[in-house]
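Numbering (mature numbering (1 follows the signal peptide of the UniProt record, and there is no 0)), first residue to last: -22 to -1, 1 to 202.
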């Protein structure tokens, strides 16, 4: 009987501990996850809407609140896309997609980021042909990220109660001035999208073109 009681108590303690850990994890921010891997939290800017991390592989995905790519100012400006993916390991972020570093007039995709272990006070960005080297102090805290509004791009960020939300994301590619553009739209609901279309002629034309393509595709499928 005493053995059974001890087993029951031990089981309860384990369950309570696991429950506490789960609650702690639910309040962990992505910046905390980055720091726990020996990296500065300022690698990623303010305005992360949501994120997920695979605890086994370190693979992560995060979404930004900004409805368009945004730039953060460091010694070299960094550009963050609406969606960013990569793989976290101690002292390193690899397989990065959605981050670019400016070099003169070019934006070079950042493939990986690493720090020295033990720390040398430096951080290294792999942009393909070279490693860019910066002081860790630039990345101590998350920076503001300013939305990029390129020529010909239509960008909307709908807000509710003063806070940006991203229940649905629509990514549209279209041609402007003979170059391919990508716009990310944050859609609160269909009515707001209709209001935005009524207010913006470029978006109205683009939406009409997409609707025409959709109807044409459906007609072709029905005919076949």
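From the three backbone atoms N, C-alpha and C, an ideal C-beta is built for every residue, glycine too.
- Query: residue 109 to residue 67, Cα distance in whole Å?
  - Reply: 19 Å
- Does DSSP put residue 76 in a helix, in a strand, or in coil? strand
- Task: Could you check how far apart the C-beta atoms of residue 123 and residue 30 are, in whole angstroms? I think they sit under 8 Å.
- Result: With 8 Å as the limit, residue 123 and residue 30 do not qualify as a contact, their Cβ atoms being about 20 Å apart.
- Query: Mind checking residue 40: buried by the 16 CB within 10 Å criterion, or exposed?
  - Reply: buried
- Reduced DSSP category for residue 105 - H, G, I as helix; E, B as strand; rest coil: coil
- 8 Å CB neighbourhood of residue 114 in its chain, flanking five on each side removed: 18, 93, 97, 99, 100, 101
- Query: Roughly how many whole angstroms lie between the Cα atoms of residue 12 and residue 118?
  - Reply: 12 Å
- Query: Where DSSP assigns a beta bridge to residue 60, which residues make up the other side?
  - Reply: Answer by DSSP bridge pairing: none, since residue 60 is not bridged.
- Please state whether DSSP places residue 30 in a helix, a strand or coil. strand
- Is the beta carbon of residue 87 sitting closer than 9 Å to the one on residue 69? no
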